[in-house]
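Q:
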Amino acid sequence: MSLKLGVIGTGAIGQDHIRRCSQTLLNSQVVAVTDINLAQAAKVVADLKLTAEVYPDGHALIKAPDVEAILVTSWGPSHEEFVLAAIAAGKPVFCEKPLAVTAEGCRKIVEAEVAHGKRLVQVGFMRPYDEGYRALKSVIDSGQIGEPLMLHCAHRNPSVGENYKTDMAITDTLIHELDVLRWLLADDYVSVQVVFPRKSSKALAHLRDPQIVLLETAKGTRIDVEVFVNCQYGYDIQCEVVGETGIAKLPEPSQVQLRSGAKLSNAILMDWKDRFIAAYDVELQAFIDGVRSGQVGGPSAWDGFAAAVAADACVQAQQSGQIVKVELPERPRFYG
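Counting from 30, one number per residue, gives the positions in the sequence shown under this note's numbering.
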C-alpha cells in the first residue's frame with residue numbers, strides 16, 4: 030500500500046516534492062495539499078492531475094484521517110508550528126530546513142518528540158544522501174586516511190538576489206555544511222569564528238561576501254569553510270578531508286570532459302537543484318520507506334537543533350568578530 034502524504038506548502042520546493050512523490054518515488058501518494066495561497070495549491074493539484082484534496086490550512090490537513098504522514102515545505106517561520114502539530118497528532122513529518130527559525134524552536138520540537146516516545150521527525154538536510162558525500166564518509170569511517178585533522182570546504186553560488194543578507198550566508202547557505210560536516214565526522218562543534226576577506230565587487234552594497242567560517246570540533250578537528258555567494262562561475266561545493274595518513278576529497282559531479290577549441294574542459298553546474306537532484310530523491314524515498322517500516326531515520330530533530338545552535342554562534346561571530354563558543358547541551362539518549 031502506498032503511504033498517503035499531505036503536503037503543507039506548494040511553493041517551488043513543495044511542488045518539486047509533490048511531483049517527486051507522485052511520479053518518481055515508490056509507494057507514495059499525495060492525497061492532501063494546502064498553502065497560504067489556496068488557489069496556487071489547487072492549481073498544483075490540477076497541473077499534476079492528482080486525486081488530492083486542498084485543505085484550508087496546515088492544521089486541518091494534519092488532522093485529516095486519510096493523511097498518514099506530513100511534508101512541511103511552507104514558509105520557514107511556519108515550520109515549528111506544523112511540526113509540533115504533527116507530533117501532537119502522532120504522525121511522521123518530513124520538514125524542509127529550517128526545522129525552526131530559532132534554536133529555541135528546535136529545542137521545543139526535540140522535547141515534544143522525546144515526550145512522544147518515538148521518532149517522528151526527519152529534517153530535510155539532503156547532503157547525507159548525496160552519493161559523493163556518502164563515498165567520502167565511507168573513506169573516513171574506514172580509517173584509510175587515519176583520523177581527520179583538518180577540513181577545507183567551499184560553498185559557492187554564482188549569484189544571489191537583492192533580499193540576501195550577510196547573516197543568510199550562515200542561516201541559508203552554510204547551514205548545509207553545519208549539518209553534513211557533523212555527520213561526516215561524527216563530532217560536534219565547540220567554537221566558531223567568521224572572518225571577512227576583501228569584498229567582491231560583484232556583491233551587493235549591503236552584503237559582505239565572501240566569508241570564511243572557522244570551526245573547531247570536540248575532537249580537535251579544524252574546519253575552514255569559504256562561503257562565496259557571488260562567485261559568478263557556477264555552483265561549486267568542495268570538501269577536502271586531511272587525515273593523518275592521507276587526503277580524501279569530495280568527488281566532482283559527473284560531467285562529460287570536452288576537448289575542443291584547443292581546450293580540455295569540464296562543465297560546472299550553475300544550479301543547486303541540478304547538483305543535488307538525486308539526493309532529494311534518495312532522502313524522500315528513505316523517509317517514505319522509514320515510515321512504512323515503522324522507523325523514521327535520517328537527519329533528526331536533534332540534528333536540526335544542533336545545526337541551529339551552531340548557526341546562532343556563527344551569526345554572533347559575524348557580528349562580534351570574536352571566537353564564539355558553541356554551547357550544545359548533552360544529546361538525549363533518545364537520539365542514540
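Yeah, the Cβ is synthetic: ideal placement off N, Cα and C, and Gly gets one too.
Just so it is clear, the structure is predicted and the values come from calculations on it, not from any experiment.
(1) For the region 250-285, which segments carrying the beta strand (DSSP E) assignment without a break, of at least 3 residues, lie completely within its bounds, in sequence order?
(2) Going by CA-CA distance only, name the one from Asn186, Asp208, Gly119 that's closest to Val325.
(3) Quick one: using the 10 Å Cβ neighbour count with 16 as the cut-off for buried, is Ser167 buried or exposed?
(4) Considering only DSSP beta bridges, list what Glu152 is partnered with.
(5) Just to confirm my understanding: we take Val235, look at its own chain, exclude 5 residues before and 5 after, and list those with CB closer than 8 Å. What are they?
(6) Grab me the residues of Phe363's own chain with a C-beta within less than 6 Å of its C-beta, minus the 5 sequence neighbours each way, in chain order.
(7) Using three-state DSSP, classify Gly218 as helix, strand or coil.
(8) In chain order, what residues of the same chain lie with their CB nearer than 7 Å to the CB of Gln173, ignoring the 5 residues before and after it?
(9) Take Glu125 and list the residues in its own chain whose beta-carbon comes closer than 7 Å to its own, dropping the five residues that flank it on each side.
(10) Let me check understanding here. Comparing Cα to Cα, which of Ile266, Lys33, Ala340, Pro361 lies closest to Lys354?
(11) Taking Cys182 as part of the beta strand (DSSP E), name the residues at either end of that continuous run.
(12) With contact counted as at least three CB pairs below 8 Å, one residue from each stretch, are the region 309-323 and the region 148-162 in contact?
(13) So, with DSSP's three-state summary, where would you put Ser230?
(14) So, under 8 Å CB-CB, Ala129 and Ala337 are touching, yes? Tell me the CB distance rounded to an integer number of Å.
(15) Once you ignore the five residues that flank Leu178 on each side, which residues in its own chain have a CB closer than 6 Å to its CB?
A: Checking against the coordinates, here is how it stands:
(1) List check, beta strand (DSSP E) in window: 251-257, 265-272, 276-278.
(2) Taking the first residue of the sequence shown as position 1, residue 325 is located at position 296. The shortest CA-to-CA distance from Val325 to any of Asn186, Asp208, Gly119 is the one to Gly119.
(3) Residue numbering aside, residue 167 sits at position 138 when the sequence shown is read from its first letter. By the Cβ-count criterion, Ser167 is exposed, with fewer than 16 other Cβ atoms from all chains shown falling within 10 Å of its own Cβ.
(4) Against the sequence shown, residue 152 aligns to sequence position 123. According to the sequence displayed, residue 152 carries Val and not Glu. The partner list for Val152 (beta bridge, DSSP) reads Cys124.
(5) Along the sequence shown, one-based indexing puts residue 235 at 206. According to the sequence provided, residue 235 is His. The question's Val does not apply to it. Cβ neighbours of His235 beyond the five flanking positions: Lys194, Thr195.
(6) The count along the sequence shown starts at 1 and reaches residue 363 at position 334. The residues are Val143.
(7) Within the sequence shown, the letter at position 189 stands for residue 218. Reading the sequence as shown, one finds Tyr at residue 218 and not Gly. In the structure shown, Tyr218 falls within a strand segment according to DSSP collapsed to helix, strand and coil.
(8) One-based indexing of the sequence shown puts residue 173 at position 144. Correct list, in chain order: Gly275.
(9) Here residue 125 refers to the residue found at position 96 of the sequence shown. Setting aside the 5 residues that flank it on each side, Glu125 is surrounded in the same chain by Ile42, Val101, Thr102, Gly153, each with a C-beta closer than 7 Å to its C-beta; the list follows chain order.
(10) Along the sequence shown, read from residue 1 onward, the residue named residue 354 stands at position 325. Comparing Cα positions, the closest option is Ala340.
(11) Mapped onto the sequence shown, residue 182 falls at position 153. Secondary structure note for Cys182: its beta strand (DSSP E) is the uninterrupted segment 177-185.
(12) Result yes; three or more Cβ-Cβ pairs closer than 8 Å.
(13) Here residue 230 refers to the residue found at position 201 when the sequence shown is read from its first residue. When secondary structure is reduced to three states using DSSP, Ser230 falls in the coil class, being assigned neither helix nor strand.
(14) Locating residue 129 in the sequence shown gives position 100, counting from the first residue. Locating residue 337 in the sequence shown gives position 308, counting from the first residue. That belief holds up - the Cβ atoms of Ala129 and Ala337 are roughly 7 Å apart, short of 8 Å.
(15) The sequence position of residue 178 within the sequence shown is 149, counting from 1. Excluding residues within five positions, the ones whose Cβ falls inside 6 Å are Val271.
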